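The block underneath contains the structure these notes are about, expressed in structure tokens.
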Amino acid sequence: GAGVSQSPSNKVTEKGKDVELRCDPISGHTALYWYRQRLGQGLEFLIYFQGNSAPDKSGLPSDRFSAERTGESVSTLTIQRTQQEDSAVYLCASSTRAGASTDTQYFGPGTRLTVL
Amino acid sequence: AQTVTQSQPEMSVQEAETVTLSCTYDTSESDYYLFWYKQPPSRQMILVIRQEAYKQQNATENRFSVNFQKAAKSFSLKISDSQLGDAAMYFCAYRSYSFGNEKLTFGTGTRLTIIP
Numbered sequence: 135g136a137g138v139s140q141s142p143s144n145k146v147t148e149k150g151k152d153v154e155l156r157c158d159p160i161s162g163h164t165a166l167y168w169y170r171q172r173l174g175q176g177l178e179f180l181i182y183f184q185g186n187s188a189p190d191k192s193g194l195p196s197d198r199f200s201a202e203r204t205g206e207s208v209s210t211l212t213i214q215r216t217q218q219e220d221s222a223v224y225l226c227a228s229s230t231r232a233g234a235s236t237d238t239q240y241f242g243p244g245t246r247l248t249v250l
Numbered sequence: 360a361q362t363v364t365q366s367q368p369e370m371s372v373q374e375a376e377t378v379t380l381s382c383t384y385d386t387s388e389s390d391y392y393l394f395w396y397k398q399p400p401s402r403q404m405i406l407v408i409r410q411e412a413y414k415q416q417n418a419t420e421n422r423f424s425v426n427f428q429k430a431a432k433s434f435s436l437k438i439s440d441s442q443l444g445d446a447a448m449y450f451c452a453y454r455s456y457s458f459g460n461e462k463l464t465f466g467t468g469t470r471l472t473i474i475p
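Listed in order, the protein sequences are those of chains E and Y.
Heads up: the first sequence begins at 135 in my numbering, then just goes up one per residue.
Heads up: the second sequence begins at 360 in my numbering, then just goes up one per residue.
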């Protein structure tokens with residue numbers, strides 16, 4: 135596809151359940167980023183991948199959050215034992231190569247997660 | 360750590376008029392990148408304009424231009440000839456120049472309303 139895609143678009147879950155959010159980056163983009171956007175706030179960095187490795191996981195808020203990437207393509211963000219404060223929009227972005235001077239991050243439409 | 364501040368939660372402008380959105384940031388780095396992203400109700404983050412800190416010339420993209428004041432750590436966005444399609448949340452973002460620190464740090468955003 136032409137852009138970054140994310141699925142599902144919306145997810146409603148019950149407190150304590152696990153959820154998986156998926157990101158398909160732009161073809162050929164080796165860098166992939168996850169951000170969280172709480173209602174009325176800016177984006178918070180969670181984690182980024184260069185290829186299948188995650189050099190920076192500093193933004194993951196707790197050990198309930200994890201992410202993986204395979205085949206230098208699809209990434210999955212997993213939240214275990216969801217809490218109400220996890221409710222947010224989760225945005226994924228990709229870029230050609232992290233650190234390149236011309237690097238620009240292109241964003242997907244996000245997944246809105248609601249934890250009841 | 361870098362911080363980005365947008366002090367105007369909301370702004371409005373008459374269609375065809377000019378509006379300026381403010382952004383200040385704090386960093387100890389000398390080289391970095393600054394961005395303005397637009398987020399319409401669709402949630403898709405769209406890059407509006409970018410500025411490399413080592414360039415003295417202000418970036419322009421059609422009706423969008425920035426006023427980059429490095430010493431003052433200010434990075435404002437000017438939108439000329441405002442159009443209804445410009446209505447959105449606008450986020451200012453900072454990215455380090457150093458390899459391995461590619462995450463974007465965002466401000467809290469400014470909601471721009473266009474008055475017909």
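Backbone N, C-alpha and C fix where the C-beta goes; we use that ideal spot for every residue, glycine too.
Only a predicted model underlies this, so the values are computations on that prediction, with no experimental measurement involved.
Taken through DSSP and simplified to helix, strand or coil, aspartate 445 of chain Y comes out as helix. When rounded, the separation of the alpha-carbon atoms in glycine 176 of chain E and threonine 364 of chain Y is 10 Å.
Here proline 475 of chain Y is exposed. Its C-beta has fewer than 16 other C-beta atoms within 10 Å.
Secondary-structure assignment with DSSP links phenylalanine 199 of chain E through a beta bridge to E:Ile213. Close CB contacts of aspartate 445 of chain Y within its chain, under the 7 Å cut and outside five residues either way in sequence, are with Ile438, Leu471 and Ile473 (chain order). Residue pairing by DSSP places aspartate 190 of chain E opposite E:Tyr182 in a beta bridge.
Under the Cβ criterion of 8 Å, leucine 406 of chain Y is counted among the residues facing chain E.
Around the CB of lysine 149 of chain E, fewer than 16 other CB atoms lie within 10 Å, so the residue is classed as exposed. Within the segment 171-192 of chain E, contact with chain Y at the beta-carbon level (separation under 7 Å) is assigned to Gln175, Gly176, Leu177, Phe179, Tyr182, Pro189 and Asp190. For glutamine 218 of chain E, the secondary structure class from DSSP, reduced to helix, strand or coil, is helix.
Going by beta carbons, arginine 203 of chain E and asparagine 186 of chain E fall inside the 8 Å limit. Only Ala165 from the segment 146-166 of chain E bring a Cβ to less than 8 Å from some Cβ of chain Y.
One Cα belongs to glutamate 178 of chain E, the other to serine 366 of chain Y, and the distance between them is close to 18 Å. Under the three-state reduction of DSSP output, glutamate 374 of chain Y falls in the coil class, being neither helix nor strand. The three-state secondary structure of cysteine 382 of chain Y, taken from DSSP, is coil.
The beta carbon of threonine 212 of chain E sits closer than 6 Å to the beta carbons of Glu154 and Ser200 from its chain, once the five residues preceding and following it are set aside; these are given in chain order. Per DSSP, reduced to three states, the secondary structure at glutamine 171 of chain E is strand. Taking all protein chains in view, the Cβ of serine 229 of chain E is crowded by 16 or more other Cβ atoms within 10 Å, so the residue is classified as buried. The Cβ-Cβ distance between valine 146 of chain E and leucine 250 of chain E falls below 8 Å.
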